[in-house]
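The structure under discussion appears below in the form of structure tokens.
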Amino acid sequence: MRQKPQFARHSPNLTERKGLGVKIDDLLDVLIAKATAEVAKRSPEFAPEECRRVGSQIAVGAIRYFMLKFSRGKLIVFDMEEALSFEGETGPYLQYAVVRANNIFNKLREREGLSEEDMLAGLAELDSEELTAASEPDSHDLWALVFESARLDEVVDQTIRALEFSVLAKYAFGLAQLFNAFYHRYPILNEDDPARRRWRAAGVAQFRTQMTRMLDLMGIDVPTRM
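In our numbering, each number is its position in the sequence shown, counted from 1, plus 5.
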């Protein structure tokens, strides 16, 4: 059985247990090829160059997040399938969460001609029951998403003081999980109540802004589609 490569997080090479060196550039080429093939399968309408561009973004995000989520100095057993997965603690999982958030606003623009600015404008004049109704568990989940998103600056400060990027990586994963749970439980596009739809969209906008900032700090781009 072929052994998975191990490497120190800041090393330019991947080193197997048998002592064989694997160039990280070679690994990245393999990851890009696999990610590009998956993009082409999921989005057959994409031109080859678009598949390659998105595949490269996914591959880079996969390997960067995989290397950052472990504590400094820890020996890493690199798993290619795990790193590229859209589920679990991976870079593509974080990217996909932002793509989902982007799709909400893209569809609102297409269906109703509403931009994110339109959705957020005049929130103070809306019925605030979505945020304050004690009988509505939705209000607590919305606040949880907003408050957790607002912790980014605090977490970045912790990351800098500890010189430990895994702090930020773990926080990003937890926030993405929170957003995905909210996304599946509370509709926005199919919500009939205008005030409720706009409050939920506001929470998603907060998440999208903060998660995009985090990915940028980790050197990870957000693909247009996944």
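Where is the CB? At the ideal position from N, CA and C, for every residue including glycine.
Just to confirm before moving on: does the CB-CB distance between residue i and residue j stay below 9 Å?
i: F75; j: R230; result: no
i: A126; j: Y188; result: no
i: A207; j: M124; result: yes
i: L33; j: V65; result: yes
i: T214; j: S154; result: yes
i: A200; j: L131; result: yes
i: A67; j: T41; result: no
i: M85; j: V35; result: yes
i: G60; j: A88; result: no
i: Q62; j: D198; result: no
i: V161; j: L99; result: no
i: V172; j: F212; result: no
i: M216; j: L168; result: no
i: I193; j: I109; result: yes
With DSSP collapsed to three states, give me the class of residue i.
i: L80; result: strand
i: K74; result: coil
i: A206; result: helix
Can you find the residues in the same chain that come closer than 6 Å, C-beta to C-beta, to residue i, ignoring five residues on each side of it along the sequence?
i: M236; result: This structure cannot speak to residue 236, because the chain is shown only from 6 to 231.
i: Q163; result: V172
i: G118; result: none
Would you mind giving the Cβ-Cβ distance between residue i and residue j, rounded to the nearest angstrom? I have them listed as a contact below 8 Å.
i: F147; j: R69; result: The question names Phe, but residue 147 in the sequence shown is Leu. Going by Cβ atoms, the distance from L147 to R69 rounds to 31 Å, so no, they are not a contact pair.
i: N195; j: A102; result: Not really, about 19 Å apart at Cβ, beyond 8 Å.
i: A149; j: L128; result: At roughly 18 Å, the Cβ-Cβ gap does not stay under 8 Å, so A149 and L128 are not in contact.
Is residue i near the ligand NAP, judged by its Cβ being under 8 Å from some heavy atom?
i: L173; result: Of ligands this structure carries none, so the ligand NAP is not represented either.
Checking contacts by CB at 9 Å: is residue i closer than that to chain C?
i: C56; result: The chain inventory of the structure shown lacks chain C, comprising one protein chain alone.
Leaving out five residues before and five after residue i in sequence, what residues of the same chain have Cβ atoms less than 7 Å from its Cβ?
i: P228; result: V59, Q62, I63, Q100, V104
i: R3; result: The displayed coordinates of the chain run from 6 to 231. Any statement about residue 3 would go beyond what the structure contains.
i: P49; result: none
Can you name, in chain order, every residue of its own chain whose Cβ lies under 8 Å from the Cβ of residue i, other than the five neighbours on each side?
i: R114; result: S120
i: S90; result: P97, Y98
i: G93; result: E87
i: Y191; result: D143, D146, L147, R205
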